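To start, the structure under review is shown below, and the notes come after it.
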Amino acid sequence: MGEFFRELQVDNGLRKIKVNDEGEYIEVSVNDSTFFDRFADLLVWVGDKEKELKQYGDTHKADTLEDMEVVREVMRKRTQTYQECCQRLDVLFGEGCCRKVFGNVVPDDLLIMDFLEQLTPVIEELGKERNKNLSLKYNRSRKGAASTKRKTLPGSDV
């Protein structure tokens, strides 16, 4: 086997965020151009679902214990929403995100909102890091590879 001519190392943009006392973490790639949009979409989705659940609960109020079927249906809808939220979090942050963050339970709205409220400033900080790196890399006054004059490429005089 031959030697490598050169070795390149590219920052894959993966940033680890510790999420529990066991040292488990979720990963975010600041180089994934879709991540920040998908995170914003998740926050909008959660807000919309909260409104839907509140409206459903207000419409189907149970005044007596005989209305247990109504209570059960409201709880079923809430549980389905939280399960779907966990699926969305697992897609966004990697399989097992919810297990790492919440343990082996279906989290309720309080747990999910607490997680998102703690996570949002971290994601904002990562977005700022990405923007800073982009502006440094593509700055107009940047000189590629610290050169002071233009290099001519072989065959450029053709």
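Taking the working numbering, I'd label the letters of the sequence shown as residues 372 to 529. Cβ coordinates follow ideal geometry from the N, Cα and C atoms, glycine included. Source: prediction; values computed, not measured.
Pairwise C-alpha distance: residue j and residue i
i	j	result
tyrosine 459	glutamine 380	According to the sequence displayed, residue 459 carries arginine and not tyrosine. Approximately 32 Å, taken between the alpha carbons.
cysteine 456	valine 415	12 Å
glutamate 440	aspartate 480	22 Å
glutamate 329	glycine 384	In the structure as shown, the chain begins at 372 and stops at 529. Residue 329 is therefore absent and cannot be evaluated.
phenylalanine 375	arginine 386	29 Å
phenylalanine 407	tyrosine 427	30 Å
threonine 491	glycine 373	48 Å
tyrosine 453	aspartate 429	19 Å
lysine 508	arginine 409	25 Å
arginine 470	aspartate 461	9 Å
serine 512	lysine 503	15 Å
glutamine 489	aspartate 403	21 Å
lysine 448	serine 506	45 Å
aspartate 382	alanine 411	24 Å
methionine 484	glutamate 378	44 Å
methionine 446	aspartate 438	13 Å
threonine 405	lysine 432	40 Å
glutamate 444	asparagine 510	57 Å
Whether residue i touches residue j by CB criterion (9 Å)
i	j	result
leucine 482	leucine 413	no
threonine 450	valine 477	yes
valine 401	isoleucine 388	no
isoleucine 397	glycine 465	yes
valine 335	asparagine 391	The requested residue 335 does not occur in the structure, where the chain is confined to residues 372 to 529.
Candidates the options, of which the one nearest residue i by Cα
i	options	result
glycine 394	Ser512, Cys468, Leu505	Cys468
leucine 487	Lys448, Gly418, Met446	Gly418
Bridge-paired residues (DSSP) for residue i
i	result
lysine 389	Tyr396
(request) Check whether the stretch 493–512 touches the stretch 420–432, counting contact only when three or more Cβ pairs, one atom from each stretch, lie closer than 8 Å. (result) These segments do not touch.
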